[in-house]
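For reference, each letter of the sequence shown is one residue, going 756 to 1060 in this note's numbering. Ideal Cβ placement from N, Cα and C applies to all residues, glycine included. Notes follow the structure.
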Amino acid sequence: MALPAPWQPPRPEPSAAPLAAPDPAPRALDTRSGRLDLSRVALVGVLNATPDSFSDGGAHLDPGRAAETAVAMVAAGARMLDLGAESSRPGALPISPEEELRRLLPVLRRVRAAVRVPLSIDTTKGAIVRVALAEGADVVNDISAGRADAEMLPLCAHERVPVILMHMQGTPATMQLAPCYADIVGEVVSFLTARADAALAAGILRAAIVLDPGIGFGKTAAHNLTLLARLETLVALGYPILVGVSRKGFIGELLGHRPVGERLLGTASAVALAVARGAALVRVHDVAAMQDGVVIAEAIGRAQA
Ligand code: HH2
756 MALPAPWQPP
766 RPEPSAAPLA
776 APDPAPRALD
786 TRSGRLDLSR
796 VALVGVLNAT
806 PDSFSDGGAH
816 LDPGRAAETA
826 VAMVAAGARM
836 LDLGAESSRP
846 GALPISPEEE
856 LRRLLPVLRR
866 VRAAVRVPLS
876 IDTTKGAIVR
886 VALAEGADVV
896 NDISAGRADA
906 EMLPLCAHER
916 VPVILMHMQG
926 TPATMQLAPC
936 YADIVGEVVS
946 FLTARADAAL
956 AAGILRAAIV
966 LDPGIGFGKT
976 AAHNLTLLAR
986 LETLVALGYP
996 ILVGVSRKGF
1006 IGELLGHRPV
1016 GERLLGTASA
1026 VALAVARGAA
1036 LVRVHDVAAM
1046 QDGVVIAEAI
1056 GRAQA
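This is the structure:
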């Protein structure tokens, strides 16, 4: 399918400087497929229409299989699904928009026809977002937080769709070569604050912004652990926080180099602790198993309150 002509953002209205985000974070995300209630943790199921994702590469390239998985994930408790067609695993090289669309579109169409929950699109390209929104997608998940494509934030504002802004040091091709921070939490907080301000300045509503520390994106295992241990610092920024730990390398590393397929219980522990520290959305591959852990972590949190 041909890509549509580049979209021109409207001239921004002169406006007051963005206000500091008040606490607490919005308790819902309004999407074209309805309101995602965040007064309880939202499980976001991962569906990668890629041949090479580290976690589920090749499993969901077939639209029929992807739709079956989507239905099963929603039945198991997923309240949003995240569809991606470009792997961001360490070392991954970028693919062309044409290739990304070729993989994504058939899967998106079948999944959209199969489930009613909001669908987020994991992409850094505005051209992909324009087509995906026209095909029924609801939310943009941009691992570059709007830096890879200057069109992205104005486009999300114009289309009035929520956006997930993630921290990443470097690019997927290089990010794990030598991650380096003087103050991992402080630097992630400054970055996310600046990107949320950029989104607000582009015209995106505060209630349409989700922030994500980017676990595994230009970070050592120690960096990931510190960010998870101090997640409350990110929660205090006043935006819903999404955490993606599912099957990631640091879990394998901590468990004596476990392969991807044997990280389920490690993932469940990390997910439960992220929920206990205030994550509002958790991005996971194994929805049914994670649902149990989330229910228990939330129940303990409520008992404490
Ligand atoms: N992690 C991955 C991809 N996209 N998006 C957000 N917002 N947060 C994350 O932590 C995140 C993400 C990597 O996981 P996966 O999609 O399973 O693998 P791959 O990038 O190889 O497709």
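Worksheet item: Which of the three DSSP states, helix, strand or coil, is assigned to Arg787?
Response: Within the sequence shown, residue 787 is the residue found at index 32, counting from 1. Coil at Arg787, not helix or strand.
Worksheet item: So the beta strand (DSSP E) Val1062 belongs to, where does it begin and stop?
Response: Nothing about residue 1062 can be read from this structure; the chain reaches only from 756 to 1060.
Item to complete: Would you be able to state if there are at least three C-beta pairs under 8 Å between the segment 915-932 and the segment 884-901?
Response: yes
Item to complete: Report yes or no: is there a C-beta of chain C within less than 8 Å of the C-beta of Ala991?
Response: Here chain C cannot be found, since the structure has a single protein chain.
Worksheet item: Unbroken alpha helix (DSSP H) runs of length 4 or more, entirely within the segment 846-916: which are they?
Response: 852-869, 881-889 and 907-914
Worksheet item: How many Å lie between Ile996 and Val944 at the Cα?
Response: The residue you call residue 996 lines up with position 241 of the sequence shown. The residue you call residue 944 lines up with position 189 of the sequence shown. Taking the straight line joining both Cα atoms gives about 12 Å.
Practice prompt. Within 10 angstroms of the Cβ of Ala973, are there 16 or more other Cβ atoms? Answer buried if so, exposed if not.
Written response: The sequence position of residue 973 within the sequence shown is 218, counting from 1. Residue identity check: residue 973 is Gly in the sequence provided, not Ala. With 16 or more other Cβ atoms within 10 Å, it is buried.
Worksheet item: With C-beta atoms as the reference, is Ala1043 less than 8 Å away from Ala831?
Response: For the purposes of this step, residue 1043 is taken as the residue at position 288 of the sequence shown. For the purposes of this step, residue 831 is taken as the residue at position 76 of the sequence shown. Contact flag set, yes.
Worksheet item: With burial defined as no fewer than 16 other Cβ atoms inside 10 Å of the residue's Cβ, what is the status of Pro779: buried or exposed?
Response: Here residue 779 corresponds to residue number 24 of the sequence shown, with the count starting at 1. Pro779 should be labelled exposed.
Fill in: Ordered list of beta strand (DSSP E) runs contained in the segment 993-1049, each at least 3 residues
1036-1039
Practice prompt. For Ser794, count neighbouring Cβ atoms within 10 angstroms of its own Cβ and tell me buried if that reaches 16, exposed if not.
Written response: In the sequence shown, residue 794 corresponds to position 39, counting from 1. So Ser794 ends up on the exposed side.
Worksheet item: Which partner residues does Gly800 have in the DSSP bridge list?
Response: By one-based count along the sequence shown, residue 800 stands at place 45. Paired residue(s): Leu836 and Val1039.
Practice prompt. For Ala822, collect the residues of the same chain with a Cβ closer than 6 Å to its Cβ; drop the 5 residues on either side in sequence, then sort them by chain order.
Written response: As a working mapping, residue 822 is identified with position 67 in the sequence shown. Once the five neighbours on either side are set aside, the close Cβ partners of Ala822 are Arg865, Val866 and Ala869.
Discussion item. Less than 6 Å between C-beta atoms, sequence neighbours within five positions excluded: which residues of the same chain meet that for Leu859?
Written reply: Against the sequence shown, residue 859 aligns to sequence position 104. Ala804 and Ala840.
Worksheet item: Beta carbon of Val1026, beta carbon of Val1037: below 8 Å?
Response: Position 271 of the sequence shown, counting from 1, holds the residue named residue 1026. Position 282 of the sequence shown, counting from 1, holds the residue named residue 1037. A contact, by the Cβ cut-off of 8 Å.
Item to complete: Please name the residue, chosen from Leu932, Tyr994, Met1045 and Ile1051, that lies closest to Arg1002 on a Cα-to-Cα basis.
Response: Here residue 1002 refers to the residue found at position 247 when the sequence shown is read from its first residue. Selected option, being the one with the closest Cα: Met1045.
Practice prompt. Would you kindly check if the distance between the Cβ of Met923 and the Cβ of Gly993 is under 8 Å?
Written response: What you label residue 993 is simply residue 238 of the sequence shown in a count that begins at 1. What you label residue 923 is simply residue 168 of the sequence shown in a count that begins at 1. No, Cβ-Cβ distance for Gly993 and Met923 is not below 8 Å.
Worksheet entry | Ala1029 versus Ala933 - alpha carbon distance | Counting from 1 along the sequence shown, the entry for residue 1029 is found at position 274. Counting from 1 along the sequence shown, the entry for residue 933 is found at position 178. Whole-angstrom Cα-Cα distance: 25 Å.
Discussion item. Using 8 Å as the threshold, is the C-beta distance between Asp837 and Val801 below it?
Written reply: As a first step, residue 837 must be located in the sequence shown, where it is residue number 82. As a first step, residue 801 must be located in the sequence shown, where it is residue number 46. Yes, they are a contact pair.
Practice prompt. Might you give, ordered along the chain, the residues of its own chain that have their beta carbon closer than 7 Å to the beta carbon of Ile959, omitting 5 neighbours on each side?
Written response: The residue labelled residue 959 in the question sits at position 204 within the sequence shown. These residues qualify, in order along the chain: Leu908, Cys911, Ala912 and Val918.
Discussion item. If you reduce the DSSP assignment to three classes, tell me which class Pro769 lands in.
Written reply: In the sequence shown, the residue the question calls residue 769 occupies position 14. Annotation note: pLDDT 44 at Pro769 (below 50); position unreliable, no value reported.
Worksheet item: When you compare only the Cα positions, how much space is there between Glu768 and Gly846?
Response: Here residue 768 refers to the residue found at position 13 of the sequence shown. Here residue 846 refers to the residue found at position 91 of the sequence shown. Bear in mind that the predicted position of Glu768 carries a pLDDT of just 49, short of 50, making it unreliable; the figure below should be weighed with that in mind. So the two alpha carbons sit approximately 40 Å from each other.
Discussion item. Restricting to Cα atoms, I'd like to know which of Ala827, Leu856 and Pro849 is closest to Leu816.
Written reply: Within the sequence shown, numbered from 1, the residue matching residue 816 stands at position 61. Measuring from the Cα of Leu816, the nearest candidate turns out to be Leu856.
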